[in-house]
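According to numbering that gives the first Met the number 0, the sequence shown holds residues 0 to 417 in order.
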Amino acid sequence: MSNNYNPFLNFTETLDKAAKAIGMKLSEYEFLKHTESELKVTIPVRMDDGSTKYFDGWRIQHNTLRGPGKGGIRYSPDVEINEIKALAAWMTMKCAVANLPYGGAKGGVCVNPRDFSESEIERLTRKYAISISPVIGPQRDIPAPDLGTSAKHMNWIMDTYSTLEGVCVFGVVTGKDVDNGGSHGRHEATGRGVSLIAQEFMKMYGYSPKDSTIVIQGLGNVGGVSAECLYNMGCKIIAISDISGGIRNYNGLDIPSIMKFVKNKGLLKDYPNGDFERIDNAELLRTECTFLIPAALENQITKSNAGDINAKVVLEAANGPTTVAADEILFERNIPVLPDIMCNAGGVIASYCEWVQNINGSHWRIEEVNDTIDRYMTNALRNVLEIQRKYDITFRLAAYALALQRLTTSFRLRGFLA
């Protein structure tokens, strides 16, 4: 992440633009420019060689007006407080857009998990869970996996928290393994939601799947599932990338073969040479296509490269991949940007399904989970489109405006606004 890029300021700038677009006064929404609570922890971890290392961690609640905090835990060497604040704020807006009974939260530890053994990461995770245990809980704040974490980490956190409470508390986290209180459909949910938004957008604006070309930056859980879903829908995936580089074939890539390789923990740089060219990330973003799907990290489409984007539509699968300045350039170039807080909400909707199952002691079929994701995602898109057309604004500002309306209504009903 660029040293001079502050993602939380990116959030507040967009918030101001959306509020102005719908005529909302600062006094009505200023509370969203502040976090409710910020917990900073230092985590001592005994290494396998007997030494002790110290790691910085955070758990931040941005807003819990509409329900308990919800948001992932990120393990990355780039984790810092402004990133976590922004991710928590985006979760607030995302849950409001999807109309879920949640607020926004986020956590993270500044660590590169690739540098440590599994036993060291388990000890780190359990110590982190103990450190943040006073501020999490099924009715308080419910973590989930994010970059660098998975169901395994959620299992450890759930076990540690349950040990502290003296009872089994499945609902303290979501994204667990199915055999440990997790839900069917959770792993695929975010990518499934991204592909659903693409499909619905195609229907509404006259695109045909078989005539649509797709470029996906990032081939992790979200990007990989999106690639598979869109490929199965009949779209042509012409370029993809991961942390090691990218590959491109304008006639379409063999996604089933590529994903089989990647799922065996392979990197694209090691994928056997075939009918494609190898490209870097900059070239991938310049590739001419129907839909460009950034599914990696924040701050990928910026002022410096927004003029080079050759997509008809940008569909954000990652959190915060497009800066405010880039948004303006893409708007001037008539390239619509379908925003992250709408497009990647499938994961939190599936987490909501898991949480409800945990609270009720029930277990849903995957069809029930997928039907719930489809219903919530489709309603969110329709509600955003309604505001976009009413105010003639960008899709991002429309999504923020929808969230603003719902959040300020809650704020007013609580008695904070006249």
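Where a beta carbon is used, it is the ideal one built from N, C-alpha and C, also for glycine.
Are the segment 65-81 and the segment 140-148 touching by the rule of at least three beta carbon pairs closer than 8 Å? Yes: the two stretches touch, three or more of their Cβ pairs being nearer than 8 Å.
What does a CB cutoff of less than 7 Å around V172 pick up in its chain, not counting 5 residues either side in sequence? Here residue 172 refers to the residue found at position 173 of the sequence shown. Counting only Cβ-Cβ distances below 7 Å, and skipping sequence neighbours, we find I141, P142, A143, M153, I156 and M157.
Would you mind reading off the limits of the beta strand (DSSP E) that contains K418? Since the first residue of the chain shown is 0 and the last is 417, residue 418 is not available in this structure.
E353 beta carbon less than 9 Å from that of K175: As a position in the sequence shown, residue 175 is number 176, starting the count at 1. As a position in the sequence shown, residue 353 is number 354, starting the count at 1. Between K175 and E353, the gap from beta carbon to beta carbon is short of 9 Å.
To the nearest angstrom, how far is the alpha carbon of D326 from that of N333? Here residue 326 refers to the residue found at position 327 of the sequence shown. Here residue 333 refers to the residue found at position 334 of the sequence shown. Cα to Cα, the separation comes out at about 10 Å.
I need the straight-line Cα distance from N5 to N81, nearest angstrom please. Position 6 of the sequence shown holds residue 5. Position 82 of the sequence shown holds residue 81. Separation of N5 and N81 (C-alpha to C-alpha, rounded to the nearest whole angstrom) is 6 Å.
On the premise that Y160 lies in contact with V110, defined as a C-beta separation below 8 Å, what is that separation, rounded to the nearest angstrom? Taking the first residue of the sequence shown as position 1, residue 110 is located at position 111. Taking the first residue of the sequence shown as position 1, residue 160 is located at position 161. Under the criterion of beta carbons closer than 8 Å, V110 and Y160 do not qualify as touching, at roughly 20 Å.
If A349 and V368 are in contact, beta carbons under 8 Å, what's the gap, nearest whole angstrom? Numbered from its first residue, the sequence shown carries residue 349 at position 350. Numbered from its first residue, the sequence shown carries residue 368 at position 369. Cβ atoms of A349 and V368 come within 8 Å of each other, at about 6 Å.
Is the segment 222-236 close to the segment 174-193, with three or more CB pairs under 8 Å? With the rule of 3 Cβ pairs closer than 8 Å, the segment 222-236 counts as touching the segment 174-193.
With the cut-off set at 9 Å, would you say G245 and L283 are in Cβ contact? Here residue 245 refers to the residue found at position 246 of the sequence shown. Here residue 283 refers to the residue found at position 284 of the sequence shown. Cβ atoms of G245 and L283: closer than 9 Å.
According to DSSP, D62 sits in a beta bridge with which residue or residues? Indexing the sequence shown from 1 puts residue 62 at position 63. A small correction: the amino acid at residue 62 is Asn; Asp does not occupy that position in the sequence shown. According to DSSP, N62 bridges with G103.
Less than 8 Å between the CB atoms is what I'm expecting for V323 and T34, so what's the real figure, rounded? Numbered from 1 along the sequence shown, position 324 holds the residue referred to as residue 323. Numbered from 1 along the sequence shown, position 35 holds the residue referred to as residue 34. With 8 Å as the limit, V323 and T34 do not qualify as a contact, their Cβ atoms being about 20 Å apart.
Would you check if the segment 194-214 and the segment 230-242 touch, i.e. whether three or more CB-CB distances between them fall below 8 Å? Enough Cβ pairs lie closer than 8 Å, so yes.
C-alpha gap between N318 and P112, whole angstroms: In the sequence shown, the residue the question calls residue 318 occupies position 319. In the sequence shown, the residue the question calls residue 112 occupies position 113. Distance between the alpha carbons of N318 and P112: 21 Å.
Indicate whether the contact test is met: 3 or more Cβ pairs, each with one atom in the segment 405-415 and one in the segment 381-391, closer than 8 Å. Judged by Cβ distances under 8 Å, the segment 405-415 makes no contact with the segment 381-391, as fewer than three pairs qualify.
Which runs of the beta strand (DSSP E) spanning at least 3 residues fall entirely within the segment 232-260, listed in chain order? Qualifying beta strand (DSSP E) stretches, in chain order: 235-241 and 244-247.
If you follow the beta strand (DSSP E) that I213 is in, where does it begin and where does it stop? By one-based count along the sequence shown, residue 213 stands at place 214. Residues T212 to Q216.
Would you tell me roughly how many angstroms separate the C-alpha atoms of L314 and L8, rounded to the nearest one? Here residue 314 refers to the residue found at position 315 when the sequence shown is read from its first residue. Here residue 8 refers to the residue found at position 9 when the sequence shown is read from its first residue. Going by the C-alpha atoms only, they are around 22 Å apart.
Which of helix, strand or coil DSSP assigns to T407: One-based indexing of the sequence shown puts residue 407 at position 408. Residue state, collapsed to three classes: helix.
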